[in-house]
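Some notes on the structure that comes next.
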Amino acid sequence: ENNRIDLLIHNIGTLITMQGTQEPRRGDEMSEVAAVRRGAVAIIDGIIVAVGTEEEVLAQIGERPITHKHDAEGKLVTPGLIDPHTHLVHGGTRENELALKLKGASYLEILAQGGGILSTVRSTRQASEDELYVKAKKSLDTMLSYGVTTAEAKSGYGLTLEDELKQLRVTRKLNQEHPVDLVSTFMGAHMVPEEYKGRSQEFVQLLIEEMLPEVKRQGLAEFCDVFCEHGVFSVEESEQILLAAKAMGFGLKIHADEIEPMGGAQLAGKLGCISAEHLLAASDEGLEAMQRAGVIAVCLPATSFNLRLKHHARARRMIEIGLPVALSTDYNPGSSPTESIQLVMTLGCLNLGMSPEEVLTAVTINAAHAIGKADTIGSLEAGKQADLVIFNADNLAYLPYHFGINHVHSVFKQGKMVVSDGNRIH
Ligand SMILES: O=C(O)CC1=NCN=C1
Ligand SMILES: [Zn+2]
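Using my numbering, the first residue of the sequence shown is number 26, and each one after it goes up by one.
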């Protein structure tokens, strides 16, 4: 009975397998998406057992009985999309900042006035664990409906041990109860809270001596992230925090050179971070230091769009020097209040100058590498999770080209259809 095929998805007009090297895709590899015409995928127990042309797959499964057949009606199928950088769990909203921005206030000016992150910290501290859960679940439902099957979720709006643990418990509960898999990142080093204003070294000690050890003990995060930015954490403080996190076994991420060229990219290379994020102001030296150390560049085009910046992350330069690029929404209530990974794909093309193929690589296999999960997700090949999306399109370029709408037809998570013809069914 164990040779029964649970699900065969067939009549796939364009099947993008994203097969290729097991390393993060760089340079020309980012354009090689391994597309197949008239494709099929065979699945048992949520795992892909055969993938390729319909002929190849049918030959491989032979006479084995098939429980469910799903006709993809000639549509486009890709691996489940992966959002590797989100501030998913938080309280409150910051639409008040729109008027401030339109009057010309910058992100850091709003932050300096006690707005920005600090206003979300106040809302998150006041919110109950259940309120945070309900709010984050709605966003996760939206991400799923846009084709995201795995996402990363950072803490960083609590800034006390108890409130950081509260956020991280919400991520853990969502990961257990929601179809979308979540990878958890501790980001207590998001901002020095008001009660530690002017005493940042004491807050750094609190992070290193109290928060990191407790998060580790409770197994509530795989990664540690730091906002290395002017007026937030200096390069020295960022290094202090990330070295301590590394010593405790956390993977390292860093919000680097978002607004000012602080040298965060160089630090990412020096510490061997798994990824560095934003990089709008990163210098050539910084990008080269990252490339030499195998750091993945996570670009966040919805953030630079929302901050009305004149320049965006230099993705073309990154691809030229062989730096693997991933894309993400940076979903958060201030600098990027959107769950739409499809908008990010469009902005990846229009503002970062990436091709549709490079953009899809950046939100599948390279995004999987950025959260350390490329051995199980990010491409459609035998042995990997059957996370995949059927789009209302028959080719890849149509997705970023036709922007501002949701192109998802159906989403499968570990071989189970969770979104069908635009409706949530599990
Ligand atoms: O503004 C926020 O809430 C999130 C953010 N952290 C670093 N940049 C943006
Ligand atoms: Zn961020």
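Yeah, the Cβ is synthetic: ideal placement off N, Cα and C, and Gly gets one too.
On a predicted model such as this, the values are computed, not experimentally measured, just so you know.
Terminal residues of the continuous beta strand (DSSP E) containing residue i?
i, result
"V323", "321 to 324"
"N376", "Segment: none, N376 is in no beta strand (DSSP E) and carries neither H nor E."
"H394", "No beta strand (DSSP E) holds H394; the alpha helix (DSSP H) holding it covers 390 to 395."
"S300", "300 to 303"
"I142", "Here I142 belongs to no beta strand (DSSP E); instead the alpha helix (DSSP H) covers 142 to 151."
"G64", "60 to 69"
Residue range of the alpha helix (DSSP H) that residue i falls in?
i, result
"H110", "From DSSP, H110 is part of no alpha helix (DSSP H); its letter is neither H nor E."
"S209", "Run containing S209: none in the alpha helix (DSSP H); it sits in the beta strand (DSSP E), 206 to 214."
"F228", "225 to 231"
"A399", "From DSSP, A399 is part of no alpha helix (DSSP H); its letter is neither H nor E."
"V240", "237 to 242"
"L133", "132 to 137"
"K126", "121 to 127"
Does DSSP put residue i in a helix, a strand or coil?
i, result
"S435", "strand"
"E313", "helix"
"D188", "helix"
"E177", "strand"
"A269", "helix"
"N331", "helix"
"L199", "helix"
"L83", "helix"
"A161", "helix"
"T42", "coil"
"L348", "coil"
"G52", "helix"
"I366", "helix"
"V217", "coil"
"T78", "strand"
"R339", "coil"
"L421", "coil"
"L385", "helix"
"A318", "helix"
Here's a check: name, in chain order, each residue in its chain whose Cβ is nearer than 8 Å to the Cβ of residue i, leaving out the five neighbours to either side.
i, result
"L245", "L190, L193, R194, T196, R197, S209, F211"
"Q265", "V229, I233"
"L143", "L136, M216, P218, E219"
"R29", "I69, R89, P90, I91, T92"
"L268", "L296"
What does DSSP give as the partner residue(s) for residue i in the beta ladder?
i, result
"F248", "T210, G276"
"M442", "F437"
"H93", "L32"
"Q410", "I72"
"L292", "Paired residue(s): none; L292 is not in a bridge."
"N357", "S361"
"V102", "L40, I415"
"F258", "C253"
"A306", "Answer by DSSP bridge pairing: none, since A306 is not bridged."
"R194", "Its beta-bridge partners do not exist; DSSP assigns none."
Leaving out five residues before and five after residue i in sequence, what residues of the same chain have Cβ atoms less than 7 Å from its Cβ?
i, result
"K162", "L199, H203"
"R317", "G294"
"E122", "I135, G140, G359"
"H336", "L305"
"Y221", "E227, F228"
"L332", "Y132, S360"
"S56", "S380, E382, E383"
"L207", "A176, A178, T196, L199, N200"
"I346", "L312, E313, Q316"
"H432", "Q367, F416, N417, A418, L424"
So residue i and residue j are supposed to be a Cβ contact under 8 Å. How far apart are they, rounded?
i, j, result
"Y182", "I284", "At roughly 19 Å, the Cβ-Cβ gap does not stay under 8 Å, so Y182 and I284 are not in contact."
"L424", "Q367", "7 Å"
"S164", "E364", "5 Å"
"A176", "L113", "7 Å"
"H434", "K100", "6 Å"
"L169", "V388", "14 Å between Cβ atoms; not a contact."
"A67", "A60", "With a Cβ gap of about 18 Å, A67 and A60 do not count as contacting."
"T328", "D355", "5 Å"
"E382", "V58", "5 Å"
"L40", "V102", "5 Å"
"A270", "G289", "Not really, about 15 Å apart at Cβ, beyond 8 Å."
"L375", "C324", "That belief does not hold up - the Cβ atoms of L375 and C324 are roughly 13 Å apart, past 8 Å."
"V251", "H280", "7 Å"
Can you list, in chain order, the residues of its chain whose CB lies under 6 Å from that of residue i, leaving out five sequence neighbours each side?
i, result
"A130", "none"
"K241", "M273"
"K160", "none"
"N391", "P49, R50, P349, A351"
"K438", "T174, P204, D412"
Hey, is residue i close to ligand 3, as in C-beta under 7 Å from one of its heavy atoms?
i, result
"N357", "With respect to small molecules bound, the structure shown includes ligand 1 and ligand 2 and not ligand 3."
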